[in-house]
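So the protein sequences, as listed, match chains A and B.
Heads up: the first sequence is residues 599 to 672, going by the working numbering.
Heads up: the second sequence is residues 77 to 779, going by the working numbering.
Where is the CB? At the ideal position from N, CA and C, for every residue including glycine.
Okay, structure first, notes after.
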Amino acid sequence: MFKTIANLQIGEKAFIEKLCLDNIPLKLLEMGCLPGIEVQLIQKAPMQDPLYIKVNGSHLAIRRETAEKITIVK
Amino acid sequence: MSDDKVVKVALVGNPNTGKTSLFNQLTGLKQKVGNYPGITVEKKLGLCKLSNTIKAEVTDLPGTYSINPTSLDETLVLDTLLNEEKESFPDVIVVVVEIENIKRNLLLFTQIKDLKIPTILVINMIDQMKRKGITIDVKQLEEKLNTKIVLASARKKTGIEELKFAILDYKKLDINPISKITDRIDKDYFSRLKNAFPEFPLYKSWLLITQNNEFDFLNDTQKQIVSKFREDLGCIKRYQHKETIFRYQIINEVLKDSFNVDKTKASDLRGILDRVLTHKIFGYVIFALILLFIFQGIFDWATYPMDLIDGAFASLSSWVKTVLPPGTFTNLIAEGIVPGIGGIVIFIPQIAILFTFISILEETGYMSRVVFLMDKIMRKFGMSGKSVIPLISGTACSIPAIMASRNISNWKERLITILVIPFTTCSARLPVYAILIALIIPDKRVLGILNLQGLTMMALYLLGFTAAILSAVLLNSTLKIKGKSLFVIEMPNYKIPSIKNIFYEVVEKTKAFILGAGKIILAISIVLWFLASNGPTKFKNAEDFVTSKQENKNLSEIMLQKKVASYKLEHSYIGYMGKSIEPVIKPMGYDWKIGIALISSFAAREVFVGALATIYNVDSDSENPGTIKQRMAAEVNPDTGKKRFDFPTGVSLLLFYAFAMQCVGTLAIVKRETNSWKWPILQLVGMGLLAYISAIIAFNIFS
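See below:
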């Protein structure tokens, strides 16, 4: 199984490997979520959803279902 | 003055870049808010003097992360910048970026630069530079981005004059794109596109084919070419992704040498605040306390100015009668217009307090944390974390609240939010609640500190929210709409709110409400007064009829006058209207006078109090009008001999006003926002039935 942003622990960093382009809104890319970029999980909301991430200098919150479509490598 | 030259300036930028602060600095009080034709997005325009002969007309466009829109507000930015025929098409665009998020903010700049319109880049919040350890090489950046750069701090008022000079000089700006990004994506494809629209800049043509909406300014042949290109959707999507990746590559390249951050200087205030404010327990506790504080403000602090206003208009009414000669005109002013205006002015304290709080929470960046905390919970009810702000705004007025739901990109979540917002206790209900509570709930304290009347008010708020949540659950399970989720929100840095921005926001929101709802209230007040002081034959012959009656022969002059007035009201036009609906409203415990108030408040709830004021004003001893509350308390139910506004009737009225959809303004806005009559009709019928049935049940239980 691929690791995705949803598998990160709080504070953990990784690099974005691939975004499943058919399901990812263009907006997420435009806000700086791009392949090869470092991503850090800052905080999880109660009930583990949404996820608060730092990517490319931006601080964003995305839903778990979106995070599960972004695979990562260490 | 009319010879003055006007330069049209469009202010564009990501949210949270201080764009609005800059707008306020440039234009000051010379602002006006209008609507874009056809849609209800607010258009903020302001004038700014550039030199003795040249002025700038500045438009503050809605904040957006990209030129590719994901919401109605953002579509407007694209529309304004593409349609050259429109009056609002700018001579020069000012793109505002924030120093700390410059990388992401520049994406929008590189897109706009490709449109070949003169563009100035403002780097805002430079006062933060030193503290954050940021250094920047402006000359190099200007060269690489092929633009004029202005360093500014809208809050510290620096760079404003420099920006004005840059705007004056806009004709000297280089309009060439930064780099030929389209060649890197697919040279052949884009040269085909260029040949298809030789009259447009290439990037404009690309935007025309990547959007879903129709562009009215295109002719039929152009429209055909657009739809031809749109057929290959997969290709467009792939190229859009590539475009974004390339743009970031260029931005990284540009910033590599000219922008530097010394990471050791970064403070972790954001981290600490985030850990507390989004904590799974403290986060909710803090949010609950803030809400409690806001409601305290609305109920407690606002009552002082509201009582003053209520009293002032009552005295004004009597004063008018003593000063002006008696007659129809004086009555129109004293009994129609003055109480009507009073009914509008009385809302100002509550609306101003609520919007002050909301804009402080938005300015500080805290609202995004609330969205983050509440998203999962709200999704259980078919809504989004972004529904929280509209639902809170709904406690002021449903109209701006429904408009605030526009940034919810999932249609089903947005629709449910729009449909349930009118259940939240808006300020128009407050005067109705306040007066009924004062009449039926004793002003006592329980447990030493809690005021019984305040608790009742709190209970009514909770009732409204509960009704909203339960109907959302019901709608979520019955509506069959599928939509893609586009939930991506920025968590901005925490900021100290700017008093100036909050002030402008509050003034603007209050003004919009007063002018919008105010017109309806005033017009209805005058119509009501007319209907109550005119009538068919029996009304005209009232005096003769009453005096000639045997039983009235021995009455004093004053008592006789009262009898006449009462008889007149009963046989006025509005008296007949109220009587005709009496059979329908009797099960809820109401008489024809309350019926009149119900009819009038179907335009807007707050008219209830104004209508009763007019009715009892006409009905009472006109030498001494007194306040509305006193008059209502004195009213007796002739059938039972008890007070008209007793406990069962009061509770029944409270429930009716809590649930019924009695606001023409809201219905109109729901129609516009959903583009269908289906949803406002559903609200009107559904909420009306709920109100009617629960009022009947309550009245029968308590009597």
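> Across which residues does DSSP place Cys739 of chain B in a beta bridge pair?
Replying inline: B:Ala680
>> Quick check on Arg207 of chain B: buried or exposed, where buried means 16 or more other Cβ atoms within 10 Å of its Cβ?
In response: exposed
>> Tell me which residue opens and which closes the beta strand (DSSP E) that Leu649 of chain A is part of.
In response: 649–653
> Can a CB atom of chain A be found closer than 8 Å to the CB of Leu345 of chain B?
Replying inline: no
> Leu317 of chain B by DSSP, collapsed to three states: which one?
Replying inline: A small correction: the amino acid at residue 317 of chain B is His; Leu does not occupy that position in the sequence shown. If DSSP states are grouped into helix, strand and coil, His317 of chain B belongs with the helices.
>> Could you tell me the alpha carbon to alpha carbon distance between Lys224 of chain B and Gln216 of chain B, rounded to whole angstroms?
In response: 11 Å
> Shorter than 8 Å from the beta carbon of Tyr315 of chain B to some beta carbon of chain A?
Replying inline: no
>> Is it buried or exposed, Ile659 of chain B, if we count other Cβ atoms within 10 angstroms and call 16 or more buried?
In response: The amino acid occupying residue 659 of chain B in the given sequence is Pro; Ile does not appear at that position. Classification for Pro659 of chain B: exposed.
> Which of the residues in the region 603–628 of chain A, read from start to end, lie with their CB under 7 Å from any CB of chain B?
Replying inline: Leu619, Pro623, Leu624, Lys625, Leu626, Leu627, Glu628
> Among B:Ile254, B:Asn751, B:Leu760, which has the Cα closest to the Cα of Met737 of chain B?
Replying inline: B:Leu760
> Exposed or buried, Tyr666 of chain B, counting other C-beta atoms within 10 Å across all chains shown (16 or more means buried)?
Replying inline: When all chains shown are included, Tyr666 of chain B counts as buried.
> Under a Cβ-count criterion, where at least 16 other Cβ atoms within 10 Å of its own Cβ denotes burial, should Thr586 of chain B be classed as buried or exposed?
Replying inline: buried
>> Going by C-alpha to C-alpha distance, which of B:Thr135, B:Ser469, B:Glu133, B:Tyr141 sits closest to Leu658 of chain A?
In response: B:Tyr141
> Do you know offhand how far Phe613 of chain A's Cα is from Gln638 of chain A's?
Replying inline: 9 Å
> Do you know whose CA, among B:Thr156, B:Ser255, B:Thr151, lies nearest Lys189 of chain B's CA?
Replying inline: For Lys189 of chain B, the closest C-alpha among the options B:Thr156, B:Ser255, B:Thr151 is that of B:Ser255.
> When the cut-off is 8 Å and only beta carbons count, does Ser142 of chain B lie next to chain A?
Replying inline: yes
> Excluding five sequence neighbours on each side, which residues of the same chain lie with their C-beta closer than 8 Å to the C-beta of Asn628 of chain B?
Replying inline: Val622, Leu636, Lys639
> For Cys311 of chain B, does the count of other Cβ atoms within 10 angstroms reach 16, so buried, or fall short, so exposed?
Replying inline: exposed
> Are three or more beta carbon pairs between the region 611–622 of chain B and the region 640–650 of chain B nearer than 8 Å?
Replying inline: yes
>> How far does the beta strand (DSSP E) with Asn200 of chain B in it extend, from its first residue to its last?
In response: 195–200
> Between the C-alpha atoms of Phe786 of chain B and Ile769 of chain B, what's the straight-line distance to the nearest angstrom?
Replying inline: Examination of residue 786 of chain B is not possible in this model, given that chain B is present from 77 through 779 alone.
>> Let's see if you can read the secondary structure: which residues bound the alpha helix (DSSP H) around Asp155 of chain B?
In response: 148–158
> Just the Cα atoms here: how many angstroms apart are Val134 of chain B and Gly122 of chain B?
Replying inline: 5 Å
> Going by DSSP, which residues form a beta bridge with Ile465 of chain B?
Replying inline: Bridge partners of Ile465 of chain B: none, in fact.
>> Only counting the same chain, and skipping five residues up and downstream in sequence, which positions put a Cβ closer than 8 Å to that of Ala504 of chain B?
In response: Phe423, Cys473, Ala593, Ala680, Arg681, Glu682, Cys739
> Are at least three pairs of beta-carbons, each pair with one atom in the region 460–471 of chain B and one in the region 484–494 of chain B, less than 8 Å apart?
Replying inline: yes
> Which partner residues does Thr234 of chain B have in the DSSP bridge list?
Replying inline: B:Ser229
>> Please tell me whether Leu528 of chain B and Gly726 of chain B are closer than 8 Å, where the distance is taken between their beta carbons.
In response: The answer is no: Cβ separation not under 8 Å.
>> Are the CB atoms of Ile590 of chain B and Ile420 of chain B within a distance shorter than 8 Å?
In response: Taking 8 Å as the cut-off, the Cβ atoms of Ile420 of chain B and Ile590 of chain B count as close.
> Buried or exposed: where does Ala744 of chain B fall if 16 or more other Cβ atoms within 10 Å of its Cβ makes it buried?
Replying inline: exposed
> How big is the Cα-Cα spacing for Leu766 of chain B and Phe732 of chain B?
Replying inline: In a straight line, the C-alpha of Leu766 of chain B is about 8 Å away from that of Phe732 of chain B.
> Would you call the region 598–605 of chain B and the region 452–460 of chain B touching, i.e. three or more CB-CB distances under 8 Å?
Replying inline: Two segments are said to touch when three or more pairs of C-beta atoms, one from each, lie closer than 8 Å; by this definition the region 598–605 of chain B does not touch the region 452–460 of chain B.
>> Between the alpha carbons of Asp383 of chain B and Leu536 of chain B, how many angstroms are there, rounded?
In response: 21 Å
> Residues of chain A with CB under 8 Å from Thr354 of chain B, in chain order?
Replying inline: Gln641, Ala643, Tyr650
>> Against Val564 of chain B, what residues of chain A qualify as contacts under a CB-to-CB distance less than 8 Å, listed in chain order?
In response: Under the 8 Å cutoff, chain A gives Pro623, Lys625, Leu626, Met629, Leu658, Ala659, Ile660, Thr664.
>> Starting from Ala712 of chain A, trace the beta strand (DSSP E) in both directions and tell me its first and last residue.
In response: Residue 712 of chain A falls outside the range modelled here, since chain A spans only 599 to 672, and no answer is possible.
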